[in-house]
Amino acid sequence: MKPRDNGQENFVMVFDEISRQASEALIEKRLQPRDLALLLLLLGHMNWRSGRVRITADALARESGTKHSNVYLSLKRLQKELFLVRAVERSSGDKFMLINPRLVSVGSPQRRAHLFQQFDEALE
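Under this note's numbering, think of the first position of the sequence shown as 504, with each following residue one higher.
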């Protein structure tokens, strides 16, 4: 694992359930391989303390070398398959994405419980 520029090693926990769900969605053509490539990019932007992903579709398009429309469609498919949700911080109005904490998570058991709560609230 290579430390980031600040010398900190940042990491997320990826649960094996993600492989099963991704494989099933690919076989059934609900997801495309490029959707999972985008999910991998999102993991690189996941804050290892909060679990939040703060990146725009435009920035993802630049980073992945693809069109904004492709990124948008991939994000929609990932949302439909519950790999991620878009959420809003109530107090500040800041927008962010959460990757399903049943598949990928960060932090202590308390932090993970909070992520479950945030994810489920964003689905409502």
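Where is the CB? At the ideal position from N, CA and C, for every residue including glycine.
Which term fits residue i, buried or exposed, when burial requires 16 or more other beta carbons within 10 angstroms of its beta carbon?
| i | result |
| --- | --- |
| Phe-514 | exposed |
| Lys-570 | exposed |
| Met-549 | buried |
| Val-609 | buried |
| Leu-541 | buried |
| Val-607 | buried |
Using alpha carbons as the reference points, say which of the options lies closest to residue i.
| i | options | result |
| --- | --- | --- |
| Val-591 | Val-607, Tyr-575 and Arg-557 | Arg-557 |
| Arg-605 | Ala-616, Gly-596 and Lys-579 | Ala-616 |
| Arg-565 | Gly-554, Leu-618, Arg-552 and Leu-544 | Leu-544 |
| Lys-579 | Ala-560, Asp-519 and Pro-612 | Ala-560 |
| Asp-623 | Ser-595, Phe-518, Ser-567 and Phe-586 | Phe-586 |
| Val-574 | Asp-538, Lys-583, Leu-529 and Val-517 | Asp-538 |
| Arg-552 | Asp-519, Ser-611 and Ala-625 | Ser-611 |
Can you tell me which of the three DSSP states residue i falls into?
| i | result |
| --- | --- |
| Phe-619 | helix |
| Ser-608 | strand |
| Arg-555 | strand |
| Leu-534 | coil |
| Lys-583 | helix |
For residue i, report the span of its beta strand (DSSP E) as first-last.
| i | result |
| --- | --- |
| Val-591 | 587 to 591 |
| Lys-570 | Looking at the DSSP string, Lys-570 is not in any beta strand (DSSP E), and its letter there is neither H nor E. |
| Phe-599 | 598 to 602 |
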